[in-house]
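As structure tokens, the structure follows; a few thoughts come after it.
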Amino acid sequence: MNEQHILSLLPRLRGREGRNIKVPCPVCGPTRKKSTEPCLSVKLDGHTILWNCHHCGDAGMYRLEDDGDTRLSLAPERQEVEPVDLDALMLPLTTEGIRFLSGRGIDISKVCQYVSTLMGYEVTADKMIGQARKDTNWLAFPMIDMAGRPINMQVRHIKDKRFKLMPGRPLTFYGAFMLHKSDAVIITEGQLDAMAVMQSLHDNGENEAAVVSLPNGSNNMSFDPNAWLVLGQKETIIYAGDTDAPGREAAIRVADRLGRHRVRIVEWPEGCKDANDVLLRHGADAVYQAIIDAKRLPVEGVFTAIDMIDYMSTLITTPVEEDRKTCGLPSLDTIFTWAKGELTLVTGIPGHGKSTFVDQVVVGLAKEAGWRSAILSFEKANHPLHALELVEKWLDKPVIGTYSKAWREVYGDPPASKEEIENAIADIDEHFVFFDVTGKYSGVKNKYTIESIIKKAEDVVHQFGVDCIVIDNMSFIEKPKGEDMDSFLMRVLNQILSFTKSYNVCTILVAHPRKPPAGSGTFIPKGYDVYGTSMIYNKVDNGLTVYRSEEDGTLIMIWKGRSRSNAGLGTATLLFNSESGTFYSV
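Quick note: the sequence shown uses this note's numbering, first residue 12, plus one each step.
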């Protein structure tokens with residue numbers, strides 16, 4: 012929908028905040044025979060309008076600012092690709108395919124009955140499963156998007172559990188076409204698990220939840236932003252994933268992305284890995300009961316002793332292990348590690364390399380831990396140049412400008428090849444998103460108040476599943492006229508901390524120190540030297556200073572670490588390679 016469409020709905024939403032209303036869709040309605048059918052669900056949630064069309068799949072968010080300014084936050088337009096010709100690729104299930112499903116405890120007729128009841132029309136087996144026409148040893152699972160278009164197909168080998176996807180095509184949830192039919196959604200990690208859940212609900216007389224599966228297991232959640240936006244509007248989300256470590260990590264990522272207050276996590280019976288495993292061992296009633304008993308993740312910072320009894324018992328005899336990550340700089344990694352849910356302040360004298368150091372850290376976290384980062388950098392507002400600087404750090408080779416002869420003379424390495432650069436750009440694209448601070452690249456001139464920064468940060472967590480947010484530099488955050496600096500800083504820090512804990516992301520905040528006192532000699536700023544004094548020192552979880560010494564290189568001084576793992580403090584020494592723009596340990 013365009014801005015005019017959205018704002019025309021405002022009068023109907025006023026006074027009905029927090030409630031879903033249904034109206035005709037201005038996008039698909041004019042071209043439909045039933046043009047007045049109320050297929051568009053719209054809700055005013057605070058200062059945000061959320062919408063989802065149950066017919067054409069158009070979905071998105073629209074921000075309404077207090078000062079009357081409006082800001083559009085639409086999901087990327089759906090890729091216009093030719094639908095997959097399922098008839099050319101799939102055959103109906105053969106006797107062998109039906110036998111395989113039966114061996115997994117699955118009755119495809121019950122699955123189709125469940126989906127048909129939910130959708131309100133007959134859904135045949137070919138919309139759910141078939142066999143590859145080229146080789147019937149492969150089961151075929153069509154991916155049908157929210158608009159009802161088959162956009163991809165995943166195949167699974169019957170004998171050895173190999174999986175393949177159609178290359179170069181978009182992904183969506185298996186079962187995405189069901190998303191608009193219910194305010195309750197159950198997410199699994201595999202198609203057979205989704206079928207096991209549907210069959211179990213059917214056997215227990217339930218048919219009110221859309222059941223979908225991640226398209227490629229728990230590792231990849233970077234697909235179909237529109238579908239994730241629609242999920243973000245659902246009242247009830249149940250994650251019924253695997254019980255292995257990747258499955259548990261995926262459950263936390265989904266909860267953080269969609270909101271821990273609305274996501275419940277299924278715990279399968281002991282010894283069972285997933286829904287299909289439970290169906291085979293214990294039957295449909297056990298699957299159904301586990302879904303009914305699904306629990307929310309604990310609210311950050313709110314627990315009872317009984318909630319933690321298993322962990323407490325383990326800690327009595329086992330050393331503490333935290334989910335902390337290193338950034339690929341050994342001299343720093345031995346004394347400081349990074350974790351989600353923490354706010355880390357980086358300070359230092361202007362020109363000593365704070366921004367470049369932070370870039371090195373987030374590239375290292377991407378390579379070491381697979382983290383995705385969103386960067387709001389006023390210091391590096393030339394975003395294409397900034398992206399290439401990240402490419403240089405990814406490759407540890409010079410990329411920008413004229414290749415320096417000194418590079419080969421000193422290191423003996425050739426410059427980055429075209430193929431290396433293209434691959435590194437693809438890696439940066441996969442792991443980073445950038446806030447446009449100038450409006451030059453997006454065409455949208457934004458105000459960067461702390462409120463607008465938090466709203467955008469929430470959006471990128473929802474749409475891109477980022478793990479880390481960088482705000483560089485705190486001094487660029489707009490202060491309202493008339494507000495004193497202490498109150499402003501307190502409000503900024505409280506909102507950043509609240510966001511960091513609520514969304515369980517790692518937030519890196521860069522801040523300049525105050526002006527050094529006259530006659531102070533060598534000035535190495537630390538926590539109490541940042542403008543705001545003890546307020547800032549006390550609130551941040553971790554604190555680092557970047558100091559460039561003419562004799563020793565660049566010193567990274569750890570002056571605060573809230574976690575026990577970082578409580579030792581200390582100093583790491585790094586050297587800077589000006590040709591490749593990278594730091595490395597001494």
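Note that CB positions come from ideal geometry on N, CA and C, so glycine has one too.
Taking 9 Å as the threshold (C-beta atoms), are residue j and residue i in contact?
i, j, result
"THR556", "THR358", "yes"
"TYR250", "ALA238", "no"
"GLN142", "THR105", "yes"
"LEU354", "ASP552", "yes"
"THR345", "ARG335", "no"
"LYS192", "MET154", "no"
"MET485", "VAL521", "yes"
"LEU376", "SER366", "no"
"MET209", "VAL126", "yes"
"THR409", "GLU403", "Note on residue identity: the sequence assigns Pro, not Thr, to residue 409. Against a cut-off of 9 Å, the Cβ pair of GLU403 and PRO409 comes out as a contact."
"ALA400", "GLY592", "Sequence check: residue 400 is Glu here, not Ala. Result yes, Cβ atoms of GLU400 and GLY592 sit closer than 9 Å."
"VAL298", "LEU290", "yes"
"ARG160", "TRP149", "no"
"PHE368", "PHE594", "yes"
"ILE386", "PHE445", "yes"
"GLN300", "LEU340", "no"
"SER576", "SER342", "no"
"VAL34", "ARG43", "no"
"VAL373", "CYS479", "yes"
"GLY258", "GLY252", "yes"
"VAL481", "ILE436", "no"
"SER273", "LYS306", "This sequence places Arg at residue 273; Ser is not what is there. Not a contact, by the Cβ cut-off of 9 Å."
Quick one: what's residue i bridged to in DSSP?
i, result
"HIS168", "TRP149"
"ARG160", "Note: ARG160 sits in no beta bridge, so no partner."
"LYS306", "ILE276"
"PHE111", "In the DSSP output, where bridge partners are listed per residue, PHE111 has none listed."
"CYS36", "Its beta-bridge partners do not exist; DSSP assigns none."
"ASP56", "THR59"
"GLY581", "ILE569"
"SER658", "In the structure displayed, the chain extends from 12 to 597; residue 658 sits before or after that span and is not available."
"ARG559", "THR565"
"TYR514", "DSSP, once it has assigned bridges, lists no residue as partnering TYR514."
"GLN474", "BP columns for GLN474 are empty, so no partner."
"GLN142", "LEU102 and LEU150"
"TRP239", "Beta-bridge pairing links TRP239 to no other residue."
"LEU586", "TYR595"
"LYS175", "VAL166"
Closest by CA to residue i, which one among the options?
i, options, result
"VAL53", "THR42, PRO37 and ARG43", "PRO37"
"LEU55", "GLU403, SER19 and THR582", "SER19"
"TRP279", "ALA295, ALA266 and HIS272", "ALA295"
"MET568", "VAL477, GLY381, HIS363 and HIS394", "HIS363"
"SER224", "ALA207, ASN218 and ASP438", "ALA207"
"LEU356", "ASP540, ALA392 and LYS429", "ASP540"
"ILE488", "LYS550, GLU431 and ILE464", "ILE464"
"VAL196", "THR47, GLY554, GLN202 and VAL222", "VAL222"
"LYS571", "LEU182, ASN549 and TYR558", "ASN549"
"ARG292", "SER342, PHE234 and GLY116", "GLY116"
"LEU566", "THR582, ASP194 and ASP407", "THR582"
"GLU441", "LYS537, PRO41, TRP405 and ARG502", "TRP405"
"LEU97", "HIS65, ALA151, LEU61 and ASN63", "ALA151"
"MET101", "ARG110, THR147, GLY114 and CYS123", "THR147"
"PRO103", "ALA158, ILE411 and ILE119", "ILE119"
"GLY450", "ALA392, VAL481 and GLU431", "ALA392"
"ALA398", "GLY381, ILE327 and ILE432", "ILE432"
"ALA187", "HIS65, PRO425, SER589 and PRO524", "HIS65"
"CYS123", "GLU93, HIS213 and PRO361", "HIS213"
"PRO536", "LYS45, VAL455, GLU390 and ILE360", "ILE360"
"ILE169", "ASN215, ASP438 and SER113", "SER113"
"VAL503", "VAL472, TYR514, VAL477 and MET546", "MET546"
"LEU586", "TYR558, CYS283, GLY352 and ASP447", "TYR558"
Our contact map puts residue i next to residue j with C-beta atoms below 8 Å; I'd like the distance itself, whole angstroms only.
i, j, result
"LEU176", "ASN227", "7 Å"
"MET232", "ARG264", "6 Å"
"GLU217", "ASP285", "Not quite, the Cβ-Cβ distance comes to about 19 Å (not below 8 Å), so this is no contact."
"ILE162", "VAL95", "6 Å"
"VAL7", "ASN31", "Residue 7 lies beyond the residue range present for the chain, which begins at 12 and ends at 597; the question has no answer from this structure."
"PHE234", "THR315", "Their Cβ separation, rounded to whole angstroms, is 37 Å, which puts PHE234 and THR315 out of contact at 8 Å."
"ASP194", "THR247", "7 Å"
"ARG27", "VAL92", "Not really, about 37 Å apart at Cβ, beyond 8 Å."
"LYS490", "PHE499", "5 Å"
Got a sec: is the Cβ-Cβ distance from residue i to anything in chain C below 9 Å?
i, result
"GLU590", "Absent from the structure: chain C. Only one protein chain is present."
**OP:** Could you tell me whether the segment 462 to 471 touches the segment 510 to 528, where touching means 3 or more Cβ pairs closer than 8 Å?
**Re:** yes
**OP:** Pair every Cβ in the segment 127 to 138 with every Cβ in the segment 59 to 71, then say whether three or more of these pairs are closer than 8 Å.
**Re:** no
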